[in-house]
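> Numbering (the UniProt record's numbering), first residue to last: 1 to 337. Glycine included, C-beta positions come from ideal geometry on N, C-alpha and C.
#1: Just how far apart, CA to CA, sit residue 155 and residue 143?
#2: Looking at the secondary structure, which residues open and close the beta strand (DSSP E) in which residue 21 lies?
#3: Taking C-beta to C-beta, are residue 262 and residue 300 nearer than 9 Å?
#4: Return the CA-CA distance between residue 314 and residue 322, expressed in angstroms with no decimal places.
#5: May I have the straight-line CA-CA distance separating residue 210 from residue 102, to the nearest angstrom?
#6: Buried or exposed: residue 162, going by 16 or more other Cβ atoms within 10 Å of its Cβ?
#7: Provide the residue(s) that pair with residue 35 in DSSP beta bridges, ordered along the chain.
#8: For residue 337 and residue 100, I'd like the C-alpha separation in whole angstroms.
#9: Looking only at its chain, what residues have a beta carbon closer than 8 Å to the beta carbon of residue 87, apart from the 5 residues adjacent to it on each side?
#10: Could you check whether the Cβ of residue 193 sits closer than 9 Å to any Cβ belonging to chain D?
#11: Report the residue from 18, 308, 60 whose alpha carbon sits nearest the alpha carbon of residue 173.
#12: Could you give the uninterrupted runs of the alpha helix (DSSP H) lying entirely in the stretch 121-155, keeping only those of 4 residues or more?
#13: Does residue 286 pass the burial test, meaning 16 or more other C-beta atoms within 10 Å, or should it be called exposed?
#14: Buried or exposed for residue 3, please, with buried defined as at least 16 other CB atoms from any protein chain shown within 10 angstroms of its CB.
#15: With 16 other CB atoms within 10 Å as the buried threshold, where does residue 13 fall?
#16: Would you report the Cα separation of residue 277 and residue 108, rounded to the nearest angstrom?
#17: So is residue 381 buried or exposed if we call it buried at 16+ other beta carbons inside 10 Å?
#18: Cβ atoms of residue 205 and residue 331: under 9 Å apart, would you say?
#19: Got a sec, what are the start and stop residues for the beta strand (DSSP E) residue 97 sits in?
#20: Quick one: using the 10 Å Cβ neighbour count with 16 as the cut-off for buried, is residue 33 buried or exposed?
#21: For residue 336, name the three-state secondary structure that DSSP assigns.
#22: Could you tell me the boundaries of the alpha helix (DSSP H) in which residue 233 lies?
#23: Whose C-alpha, out of 295, 197, 165, 207, is nearest the C-alpha of residue 339?
#24: For the alpha helix (DSSP H) that residue 168 lies in, which residues bound it at each end?
#25: Going by the CB atoms, is the gap between residue 229 and residue 345 shorter than 9 Å?
#26: Work out the CA separation of residue 202 and residue 275 for me, nearest whole Å.
#27: Since residue 181 sits in a beta bridge, which residues does DSSP pair it with?
#28: I'd like to confirm the pairing. Which residues does DSSP put opposite residue 226 in its beta bridges?
#29: Taking residue 335 as the reference, which of 231, 157, 259 has the closest Cα?
#30: Can you tell which of 309, 181, 293, 93 has its C-alpha closest to the C-alpha of residue 266?
#31: Taking only three categories from DSSP, how would you classify residue 287?
Structural data, given as structure tokens:
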């Protein structure tokens with residue numbers, strides 16, 4: 001892997017000059033681990049044609065499933081606490097707490113205010129966002145917009161907390177892919193981008209919606225189980241590639257300039273197709289699906305947290321995080337750490 005030479009890569013990045021940095025990352029995994037043993041998986045013939053088309057080969061060996069006490073809020077607080085510790089920041093100094101989630105949508109109250117309270121961020125504005133599996137991109141982009149405004153906000157936590165295992169139909173192939181987890185990042189606004197020329201910096205983000213494709217993947221009452229169509233993979237590959245291409249193009253980059261691509265994996269056919277079509281070096285492509293499953297909007301921040309903890313990264317590297325979600329959403333982030 002070559003060192004990043006384009007440390008100021010932001011000629012077209014929408015956050016250029018905003019001095020917004022990722023200063024801490026954290027995650028939480030439920031205690032219970034479910035292993036996809038042959039006995040649990042059973043015969044392929046029991047799955048329907050859409051399951052086979054969308055999910056393909058499982059390639060998920062294990063996943064975490066939350067217990068009764070491990071609620072979306074509980075997981076969010078634990079992940080955010082870890083991110084704050086990594087940032088060396090006390091919760092009382094936070095101005096924003098944004099929680100992204102779709103798997104435990106409740107009427108009122110939202111999770112955000114309670115998560116802020118449990119963290120000890122008593123003066124922070126807490127609120128929820130959805131965006132389905134693209135929720136983390138939605139949350140970071142929304143936080144960045146507020147941090148870069150003339151308002152009083154300078155420090156934020158964005159935490160994605162999901163119980164996707166509860167969003168899949170029991171006995172379906174999707175159940176064997178779905179995991180529960182939470183991942184969080186701390187964002188802080190500095191004075192100028194030049195304060196640390198090769199240090200952490202949020203460079204760019206994109207997020208698009210297309211209601212025409214709203215029913216390619218959806219969940220409805222009473223159970224809220226995911227329902228997909230066979231067109232999902234083609235549309236999801238297209239959306240991820242569009243986000244990647246735009247982020248690269250407007251920042252004067254090639255895919256070879258990116259040190260790490262952390263993609264919301266979705267399913268095995270999806271992330272493999274995106275990696276191949278975008279020409280991403282497998283050694284620079286990091287997903288945690290094999291050991292964590294699909295954790296929806298939490299997938300990117302937990303992958304980032306685990307990658308940083310692995311010792312494989314170096315300061316000053318560039319990260320690209322494409323994601324898609326029901327809605328239909330497609331987007332991604334470009335940042336330096």
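Inspection of the coordinates gives the following:
#1: Translated into positions along the chain shown, residue 155 becomes position 155. Translated into positions along the chain shown, residue 143 becomes position 143. So the alpha carbons of these two residues sit roughly 9 Å apart.
#2: Residue numbering aside, residue 21 sits at position 21 when the chain shown is read from its first letter. Unbroken beta strand (DSSP E) run through residue 21: 20-28.
#3: As a first step, residue 262 must be located in the chain shown, where it is residue number 262. As a first step, residue 300 must be located in the chain shown, where it is residue number 300. Contact: yes.
#4: The residue labelled residue 314 in the question sits at position 314 within the chain shown. The residue labelled residue 322 in the question sits at position 322 within the chain shown. Cα to Cα, residue 314 sits roughly 21 Å from residue 322.
#5: Translated into positions along the chain shown, residue 210 becomes position 210. Translated into positions along the chain shown, residue 102 becomes position 102. Distance between the alpha carbons of residue 210 and residue 102 is about 18 Å.
#6: Along the chain shown, one-based indexing puts residue 162 at 162. Burial call: buried.
#7: Reading the chain shown from its first residue, position 35 is the one you call residue 35. Paired residue(s): 62.
#8: Here residue 337 refers to the residue found at position 337 of the chain shown. Here residue 100 refers to the residue found at position 100 of the chain shown. Whole-angstrom Cα-Cα distance: 22 Å.
#9: Locating residue 87 in the chain shown gives position 87, counting from the first residue. Closer than 8 Å at the Cβ level, and outside the excluded window around residue 87, lie 23, 24, 186, 188.
#10: Although the question refers to chain D, the structure presented lacks it and comprises just one protein chain.
#11: As a working note, residue 173 is residue 173 in the chain shown. The option with the nearest alpha carbon to residue 173 is 60.
#12: Counting whole runs of 4 or more residues, the stretch 121-155 contains the alpha helix (DSSP H) stretches 135-147.
#13: Here residue 286 corresponds to residue number 286 of the chain shown, with the count starting at 1. Buried, because 16 or more other Cβ atoms sit within 10 Å of the Cβ of residue 286.
#14: For the purposes of this step, residue 3 is taken as residue 3 along the chain shown, with counting starting at 1. Summary for residue 3: the model assigns pLDDT 32, below 50, so the residue's position carries little reliability, and this model does not support an answer.
#15: Taking the chain shown and counting its residues from 1, the one referred to as residue 13 is at position 13. When all chains shown are included, residue 13 counts as buried.
#16: Start at 1 with the first residue of the chain shown, and residue 277 comes out as number 277. Start at 1 with the first residue of the chain shown, and residue 108 comes out as number 108. The straight-line gap from Cα to Cα measures roughly 42 Å.
#17: Here the chain covers residues 1 to 337 and nothing more, so residue 381 does not appear.
#18: Within the chain shown, numbered from 1, the residue matching residue 331 stands at position 331. Within the chain shown, numbered from 1, the residue matching residue 205 stands at position 205. Contact flag set, yes.
#19: Numbered from 1 along the chain shown, position 97 holds the residue referred to as residue 97. Unbroken beta strand (DSSP E) run through residue 97: 96-100.
#20: Position 33 of the chain shown, counting from 1, holds the residue named residue 33. Label assigned to residue 33: exposed.
#21: Residue 336 sits at position 336 when you count from the first residue of the chain shown. Looking at residue 336 - three-state DSSP - the assignment turns out to be strand.
#22: Reading the chain shown from its first residue, position 233 is the one you call residue 233. Unbroken alpha helix (DSSP H) run through residue 233: 232-250.
#23: The requested residue 339 is not part of the displayed model; the chain covers only 1 to 337.
#24: Along the chain shown, read from residue 1 onward, the residue named residue 168 stands at position 168. Note, residue 168: premise wrong, no alpha helix (DSSP H); not H, not E.
#25: In the structure displayed, the chain extends from 1 to 337; residue 345 sits before or after that span and is not available.
#26: Position 275 of the chain shown, counted from the first residue, corresponds to residue 275. Position 202 of the chain shown, counted from the first residue, corresponds to residue 202. Residue 275 and residue 202 have their alpha carbons spaced roughly 23 Å apart.
#27: Here residue 181 refers to the residue found at position 181 when the chain shown is read from its first residue. Bridge partners of residue 181: 162.
#28: One-based indexing of the chain shown puts residue 226 at position 226. Its beta-bridge partners are 219.
#29: Within the chain shown, the letter at position 335 stands for residue 335. Nearest of 231, 157, 259 to residue 335, Cα basis: 259.
#30: Here residue 266 refers to the residue found at position 266 of the chain shown. Of the listed residues, the one whose Cα sits closest to residue 266 is 293.
#31: To locate residue 287, count along the chain shown from 1; it is residue 287. Coil, per DSSP.
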